[in-house]
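Notes follow the structure.
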Amino acid sequence: RTKTLEEAIEICNESPYHNGHAIFTSNGKYARQFQYDVISGNVGINIGIVAPMAFYPFSGMAGSFLGVLHTQGKEAVRFFTESKVCIHRWL
Numbered sequence: 011r012t013k014t015l016e017e018a019i020e021i022c023n024e025s026p027y028h029n030g031h032a033i034f035t036s037n038g039k040y041a042r043q044f045q046y047d048v049i050s051g052n053v054g055i056n057i058g059i060v061a062p063m064a065f066y067p068f069s070g071m072a073g074s075f076l077g078v079l080h081t082q083g084k085e086a087v088r089f090f091t092e093s094k095v096c097i098h099r100w101l
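Positions in the sequence shown are counted from 1; adding 10 to them yields this note's numbering.
So, in structure tokens, the structure goes:
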């Protein structure tokens, strides 16, 4: 837990690993800001474990990525692009 959203984003972005980060909130503005500002290959909003289906570009960023090519689907073509997946769950 953090006291501010900015602190949470800073903690995530300071990590050498950027495979997945999640936030639990009922505030849509905070969810959107987290989704766009966090450096992560997979982002979860109100989801405990960010685990997208196989056809999503499931790969990490920074120290979480191992290899030379994101080899799933269109990622094999767009290998110079860092993709981000965001999964939302609202009740």
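Beta carbons: idealized from backbone N, C-alpha and C, even for Gly.
How many angstroms separate the CA atom of residue i from the CA atom of residue j?
i	j	result
R11	A18	8 angstroms
K13	E92	29 angstroms
Starting from the C-beta of residue i, find all residues in its chain whose C-beta is less than 7 angstroms away, skip the five residues before and the five after it, and write them out in chain order.
i	result
L15	Y40, Q43, F44
K94	S50, G51, V53
Residue i: buried (16+ other C-beta within 10 angstroms of its C-beta) or exposed?
i	result
N106	Past the boundaries of the shown model lies residue 106; the chain is included only from 11 to 101, so the question cannot be answered.
G73	exposed
Is the distance from the Cβ of residue i to the Cβ of residue j below 7 angstroms?
i	j	result
N23	I49	yes
Cutting at 6 angstroms between CB atoms, please list the residues of its own chain near residue i, excluding the five before and the five after it.
i	result
R99	N56, I57
T35	A41
D47	I19
For residue i, which beta-bridge partners are listed by DSSP?
i	result
G54	A32, I97
Suppose the cutoff is 8 angstroms on Cβ atoms and the five residues either side in sequence are ignored; what does the same chain contact list for residue i look like?
i	result
I21	T12
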